[in-house]
Amino acid sequence: MDQFDVRLIPPLLSVYFGVCLSLFSLFRSRLKKETVLFTLLCLLASVRPVQFLLQRVVSDTGLLLSMERGILIAYAFIPYVGVLFFHRVLRVRRPRLEYGVCGVGLVMAAGALGPWFVSGLQTYPWGVIGKAGPLFFLYVVFGTVSFAYTIFCTVSVMRGQRDAEARLKQRYLFAALIGGPALLLVTVLTFIGSPMYPASNFMFVPMAVMAYGVLRHRTQDIGSVMRFLFYRLAYALVFLLPNFLVFLLLKPLLYGGEILSLAPLLLLWYAANYLSVTKLHPKVSRRFNRYRHHLKTVESKFARDLLILRDTRSLVAEFGELVRSTLRFRSIRFFFAPVEEPGRLMDMDGEEISLDESTAAFLVAEDCLIDHYFLNSELLMPDEEVRDDLKSIFDAYKGMCTVPLVQYDQLIGLVVFADKQGDAPVTPVEVEFLEKVSRYLSIALYNSRVYQAVTSVKDQLELRRRELSREILERRRAEESLRRSEGHYRLLSDNILDTLVVVEVAHETIQYASPSCLKMSGYFPAELVGSRFRDYLTKNSGRELARAVPPPEEGAAFLVELEHRRKDGELAWVEVSGHFIAAGDGRMEVVGLARDISERRVAEMEKEELSQKLRQAQKMESIGVLAGGIAHDFNNILMAILGYAQLGAMYLGEADGKAGEIVAQIETAGIRAKELVSQILAFSRQDEQARRAVDLVGITRESLSLMRPVIPRAISIDADFPDRPMMVVADPVQIHQIVVNLFTNASHALEESAGGAIRVSVRQTTLDSGEARRYGLEPGPFVLLRVSDPGGGMDDEVRARIFEPYFTTKEPDKGTGMGLAVVQGIILSHNGAVVVASDKGAGTTVDVYLPEAAGGTDVPLSSGEPGKVCRGRVLFVDDETMLVELAGEALVRMGFEVVALEDPVEALDRFKKDPGGFDVVVTDMTMPRMSGLKLAESVRAVCDGVPVILCTGFSNEIVGRRHEEMGVSAVLFKPVPMKELAEAIHGVRSGQHKVAKELPAPESHGDISGRDMPVSAS
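Reading the sequence shown from the start, the letters are residues 1 to 1018 in the UniProt record's numbering.
Here it is as structure tokens:
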């Protein structure tokens, strides 16, 4: 081929149109599905022209045959793509038919691989083409039926179409449908032997018609589009034609092997192409894109200008001037939507238009330029209400197009363009320009709104600035304080014992529990959630909860104390403060704060118990005061009894043995009564007995003899005592009290068991370090007192509490619960220990360990030599007549000269008259008109050398004082035996009297538990 073949022009145009229209529809249209199908149709229609061009450079018949079969494979899908395309354009839904066409197309495509459709090649003057096989006409029938169906659908839709614009579009589609299949059917003739030029090379004609029909709303200025395409084609021909001619000229030389000699010519050819691309191509591009470039420049300038504009009027004015000067629109109307009413639009002059919600939503969703074609298309705008709403705006303002101003899915305005100069249509370039600058305006207007909103609150912010400054200062101070205490608060929040619970009211199910519930209840939060709150409460607490909780209504509150059972089975008390709140789904819930108050409840119970003990102690104290008063008066009576007994013994002498024995028994009973009074005084905290070495065996024997008459006959006593004394340093009265209490408890235990034997033993034992440490003692020798009974015994719970004050298992009128508490207190005060061994039904054994005395004997109850003759003149003063008479006779009998008076004032007068006539003054402490201390002071004032002996039952004035401090030579406690009084008189006269002693201070002899308090047995 030495010259250009004009038969190449139709296929070149078809290929060029197919590619350009495909790209144009794909990148410029909003109809995604429709344009993709249109793109496929254009590309498939361009396949045959591409093969026609390629066979000029391909001479291999095998490759050409493969290309023919490949083209038929592509053509097998043209019916399917065509049906889909027209279904979308005509809005027809027949999915089963589409699947059937696709299946037949796949079968045809598979058959095209063999010789059934194309059996070989045919050569014609214009080129080669495939030779029809035996099944080729099946393909022709399939394509003909498919295209006939699409024509039928188009005609059917056109008959019912009322929209003129849509009907025009469908006419273009109908023309393309007639032209395209007609060209393909004519091409079939060449497959069966006709030498005519292939009509399929002219497919650019129906493609252009179809593109105009489908994309007309984006290609109103079809002339400019066509010019653009032809200009590009002309530029390609101008650029490619010289290269093709040069190639034809150099072809013989290139095949001749003289390539090196052609190097300068090839370099020159390359330089010419380089200059053409770098110099000529930009000039051509600027020539064809000058208007587009101008719009881009204006667009960039407008974007820069918007950066410095903040006022809405300035933005609108700038945009209007830009569009008028660039696109030559004479009328532009701006409408703005208030923030609170996006459906209501208002222009700068206050004129208002209203949009339906559906219209506003459509504008926000599309966010593009809307023209008359868009407005009249049912495909682009299927909602008739939206179409009518926008048409009313177009009709009212004679609009050519409108652009919504949308930002952040919110309609903020609408721009209506009208009356373009020369009534020229809006080109695609201008559409792109308007959409872009409108988006810039949307952003600027939105920012302007924000700016104006910020400006509107600026004054308010300024007014509040000082307030905020003060608040900030206070907040900083508060934050500083919070930072200082942050550690404390964090520690408190991390270690708070309260538990937060949320309970659903209807079913009483726990919805939430804070982690502290583990410590309070032993349950993890996950174990509590979903369970019933009431299931963890005791029955009484369940009833208390129902009583204390008010009817469920929002804001109601309650406070209740409940007893619940922990996971380990223990019972504990919690204080629950709750509030009713309404949940989001209409349910009522209780938000409660549970606080463990078990310790508080225990403390309250202990407080109540201590209060009862205090009341009992106060009662006992009152009894003690009463007992002290009785003992004081009883001392005077005992003194008379002892004195007359001793006086009787003096008169009897040894003449009458039986009478003397009786008098001695009276004296012994009086001495025991004296000790009993001492015990009563110790009980009333008014006296304390001195501790001395005593025989525990003797005291125990004596206590048993006293207890035997009061113990029931059904109870026997089995005593086991050693032959020798067992000496301990103790108060004999308190030891007597220990034995009495233990015997009393044992007898009570046997009374409940209908009798038995109480076993009592005293023996010496030595505790090693292990035993002593177990009992809390020091190792060494001890005297063991053991009292045991075969009664009912005690269980572990009772045995653990027997030493608690006021704890008793007896009936209220049979015991105070103080017996063993007193026993323990006395034994501990003597550095001993008490051990109780008992089992339920196996009896009880009580062991008392007391340190053994290092040596010594029991102090006798009386001393002095009986019948010793004394000398001296004694002034005896006492307000009791009986004691005055007794002292006068007894002391005279002992050899004293006695002046006995009842009135202390008379006695003082008698002493003043003859101070040297008295050797000793013996006076009572408590007397009317003058006390014994006052009398002693007066005697010393008269004559300091006369000794004074003070006798008293008890007086607070001498407690804790030495007799020297009181100005007396000796103090004797009633009842005073006459022999002891005589010894005291003899002692003070000789200066060797040792019987005077100090009285204890009135400190407590024991706490409320009874320790060290000598209280009678329970």
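Glycine residues also receive a C-beta, built at the ideal position from the N, C-alpha and C atoms.
- Beta-bridge analysis with DSSP links Asp695 to Met727.
- The segment 779 to 788 and the segment 739 to 751 touch, with three or more beta-carbon pairs separated by less than 8 Å.
- Of the residues Thr455, Leu84, Ala418 and Arg587, the one whose Cα lies closest to the Cα of Cys102 is Leu84.
- Under the three-state reduction of DSSP, Arg56 is assigned to coil, being neither helix nor strand.
- For Gly120, the enclosing beta strand (DSSP E) begins and ends at Val118 to Tyr124.
- Contact between the segment 657 to 668 and the segment 905 to 913 is absent, with fewer than three C-beta pairs closer than 8 Å.
- Taking a cut-off of 8 Å on C-beta distances, the segment 34 to 49 touches the segment 70 to 86, as three or more cross pairs fall below it.
- Going by DSSP, Ile78 is part of the alpha helix (DSSP H) stretching over Ile78 to Leu90.
- Taking C-beta atoms as the reference points, Leu64 and Leu121 count as a pair closer than 8 Å.
- Looking from the CA of Arg763, the closest CA among Leu750, Gly776 and Val728 belongs to Val728.
- Listed as beta-bridge partners of Gln410 by DSSP are Gln407.
- Residue pairing for Tyr849: DSSP places it in a beta bridge opposite Leu784 and Ala833.
- Leaving aside the five residues that flank Ala900 on each side, the residues in its chain whose CB is nearer than 7 Å to its CB run, in chain order, Phe876, Val884, Ala887 and Gly888.
- Residues of the same chain with a CB within less than 8 Å of the CB of Lys840, apart from the 5 flanking positions on each side, are Gly792, Gly793, Met794 and Asp795 in chain order.
- Taking 8 Å as the cut-off, the Cβ atoms of Ala837 and Thr845 count as close.
- With the rule of 3 Cβ pairs closer than 8 Å, the segment 350 to 369 counts as touching the segment 378 to 397.
- Leu295 places its beta carbon 8 Å or farther from that of Phe174.
- Distance check between Ile671 and each of Ala842, Lys658, Ile637 and Leu72 places Ile637 closest, using alpha-carbon atoms only.
- For the pair of segments examined, the segment 126 to 135 was found to touch the segment 67 to 74: the number of CB pairs separated by less than 8 Å reaches three.
- Contact between Ala890 and Leu647 holds: their C-beta atoms lie close to 5 Å from each other, under 8 Å.
- At least 8 Å separates the beta-carbon of Met203 from that of Ala176.
- Residue pairing by DSSP places Ile332 opposite Phe417 in a beta bridge.
- Taking all protein chains in view, the Cβ of Gly555 is surrounded by fewer than 16 other Cβ atoms within 10 Å, so the residue is classified as exposed.
- With a cutoff of 8 Å on beta-carbon distance, Thr499 and Ala594 are scored as near each other.
- For Thr808 and Glu561, the gap between their C-alpha atoms comes out near 30 Å.
- Distance from Pro915 to Val942 at the Cβ level is roughly 5 Å; contact confirmed, criterion being Cβ atoms closer than 8 Å.
- A distance below 8 Å between beta-carbons, with the five flanking residues on each side excluded, links Arg929 to the following residues of its chain, in chain order: Asp903, Pro904 and Val905.
- Straight-line measurement puts the Cα of Arg893 at about 19 Å from the Cα of Arg989.
- Between Ile735 and Ile758, the CB-CB gap reaches or exceeds 8 Å.
- By the neighbour-count criterion, in which 16 or more other beta carbons inside 10 Å mark a residue as buried, His986 falls on the buried side.
- The bridge partners DSSP lists for Val503 are Ile510 and Val590.
- For Trp269, same chain residues with a beta-carbon under 7 Å away, outside a window of 5 residues either side, are Val246 in chain order.
- Close CB contacts of Ala303 within its chain, under the 6 Å cut and outside five residues either way in sequence, are with Tyr440 (chain order).
- Val450 and Ile443 have their alpha carbons spaced roughly 11 Å apart.
- In this structure Glu589 touches Val502 by the C-beta definition: roughly 6 Å separates them, less than 8 Å.
- In the three-state reduction of the DSSP assignment, Gly111 falls in the helix class, which pools H, G and I.
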